[in-house]
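A.B. asks: Using my numbering, the first residue of the sequence shown is number -19, and each one after it goes up by one.
Glycine is no exception: its CB is placed at the ideal position from the N, C-alpha and C atoms.
Quick caveat: nothing in here was measured; it's all calculated off a predicted structure.
Starting off with a structure, shown below.
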Amino acid sequence: MKSFFKVIAGTAALGGIFLASRKQTPKEFFDETKEKFLEKKHAVESTKEAYENFQTSLANLKEQLPEVNKVVNGIQRDVEEAMFQINPRLDEIKKFADDITKEH
């Protein structure tokens, strides 16, 4: 029992020294600690909510992925078709440009 009181007295002394070094009263210390705890709790809740929103968005993206692939494939097909149609014209333009530069 004697050592228990020594531990309590030592803790109280260290607490007093800590509060004195920070120039705080016990009430100010507990109010600050409570405020910091509530801030951390709010931050954890916000992070959890953001994670849940991310999970929902990811599920929506996965759901839309087949449609996105169809669109991308369609665009790629259109580009290839356009290039197929443009290449002969580009070849003619290049040939014409080469002829002009040879003459001058």
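Considering residue 14, what are the terminal residues of the alpha helix (DSSP H) in which it resides?
C.D. replies: Taking the sequence shown and counting its residues from 1, one reaches residue 14 at position 34. 6 to 83 is the extent of the alpha helix (DSSP H) around residue 14.
A.B. asks: Between the C-alpha atoms of residue 13 and residue -12, what's the straight-line distance to the nearest angstrom?
C.D. replies: To locate residue 13, count along the sequence shown from 1; it is residue 33. To locate residue -12, count along the sequence shown from 1; it is residue 8. Going by the C-alpha atoms only, they are around 21 angstroms apart.
A.B. asks: Going straight from the alpha carbon of residue 36 to that of residue 27, what length do you get?
C.D. replies: Residue mapping note: residue 36 aligns to position 56 of the sequence shown, counting from 1. Residue mapping note: residue 27 aligns to position 47 of the sequence shown, counting from 1. When rounded, the distance between both Cα atoms is 14 angstroms.
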